[in-house]
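Down below is the structure, laid out as structure tokens.
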Amino acid sequence: MKKIFIPIVLLFGVLLSACGANNGKGSSPAPTSDSKSTTFMYQSENGPIEVPTHPKRVVVLTRFLTGNVMALDVPLVGVDDKSKSNPRFKERLKDVSAVTDESLEKIIELKPDLIIGLSSIKNIDKFNKIAPTVTYTYGKVDYLTQQLEIGKLLNKEKEAQTWIDDFKARAKKAGAEIKAKVGDNATVSVIETFNKQLYVYGYNFGRGTEILYGEIKLGMPDKVKESTKSDGYFAVSTEVLKDYMGDYVIFSKNADENTSFQNTETYKNIPAVKNNRVYEVDAKEFYFNDPLSLDYQLEFFIKSFLGK
């Protein structure tokens, strides 16, 4: 009897496994907006990964993607310190725990159902044992495509695309008005003090550069274009800063940094400074290129250039 009983049990187990596979685990297609599946397969840059259809407890291990998730109103339980210290995120993240890619025990306690990070984070294998972990290579896709990818991951692709279309339309309208006022040949520079050093920034490096150079299509000073073409940023001394300043300047200013150079005659005699065309903004609010930051940056440019 035992020789007959064992194969029957094994066969019964196989049948149960097959039924489970047919219930959408491990091979389910991307869900529709009214899908009742609990998971689906997201095509990540590292291959397909099974993720929750409606994540409720998300941990984001990089400040570069926190705003992307927040913009889609998906519940967060853990983010990095930089995100929590962002003045524009602070209130919404006040009850969210601060974590890093080394906070394994703390993240386990948070019971996430999805973890998001950059491909450079530590402990990816360990995180995968806690919850599905999806990583992105920073800069691999442009900032709008990145939001669309986050939308796909969170089963909110439609909402992400709607924001993208609306943002581009708003930026195009603002750009036409700004160019009409400042002229087609006007140039703009983006500068910032960081770690006791002064920098200028090129296209696609946050701080509003995606909007200024990409959407509005304002000109970039030749010196800035040349010096930022490889890394996207360039350190300059205050003595030569004037050579990198455009007709207009966005100064991403960090209150924790030394900005005494603004009191020097060299700085005060720069044409953009003399003409009151330097627009200062809190650097901590202006770093990133997620939808929440981009919306704020666009509003700031409209107000600064057009007085609206």
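Oh and the sequence shown: position 232 is 231 in numbering that gives the first Met the number 0, straight run, nothing missing. Using N, Cα and C, we set each Cβ at its ideal position, and we do this for glycine too. Predicted model, so just to flag it, every value in this text is computed and none were measured.
Query - CB-CB length for Leu117 against Tyr135, believed under 8 Å - result: 6 Å
Query raised in the report: Grouping DSSP H, G and I as helix and E and B as strand, with all else coil, what is Ala159?
Result: helix
Query raised in the report: Among Glu104, Glu90, Ser84, which one has its Cα closest to the Cα of Lys125?
Result: Glu104
**Report entry** Meets three-Cβ-pair contact criterion under 8 Å: the region 151-164 and the region 33-50
**Finding:** yes
Requested in this report: Out of Gln160, Val98, Val280, point me to the one whose CA is closest to Arg62's CA.
Outcome: Val98
Report task. Could you check which residue in Val68, Glu101, Ile106 has the C-alpha nearest to that of Phe88? Result -> Val68
Query raised in the report: Are the beta-carbon atoms belonging to Ile107 and Val57 less than 8 Å from one another?
Result: no
Query raised in the report: DSSP three-state call for Glu279: helix, strand or coil?
Result: strand
Requested in this report: Mind listing, in chain order, the continuous beta strand (DSSP E) runs of no fewer than 3 residues lying wholly within the region 73-112?
Outcome: 75-78
Query raised in the report: Three-state secondary structure (DSSP) at Glu148?
Result: helix
**Report entry** Nearest-angstrom beta carbon gap, Leu71 and Val95 [assumed within contact, 8 Å]
**Finding:** Not quite, the Cβ-Cβ distance comes to about 15 Å (not below 8 Å), so this is no contact.
Query raised in the report: Cα separation between Thr186 and Phe300?
Result: 14 Å
Query - Boundaries of the beta strand (DSSP E) in which Ser43 is found, first to last residue - result: 38-43
Query - Cβ-based neighbour list, Ser43, same chain, cut-off 7 Å, excluding 5 preceding and 5 following - result: Val133
**Report entry** Cβ distance (whole Å) where Tyr286 is taken to contact Gly201 below 8 Å
**Finding:** The pair is not a contact, with the Cβ atoms about 15 Å apart (cut-off 8 Å).
Report task. Could you say which of Lys195, Ile190, Glu214, Val199 lies nearest to Asn257 if we only look at CA atoms? Result -> Lys195
**Report entry** Run of the alpha helix (DSSP H) containing Val68, from where it starts to where it stops
**Finding:** 65-69
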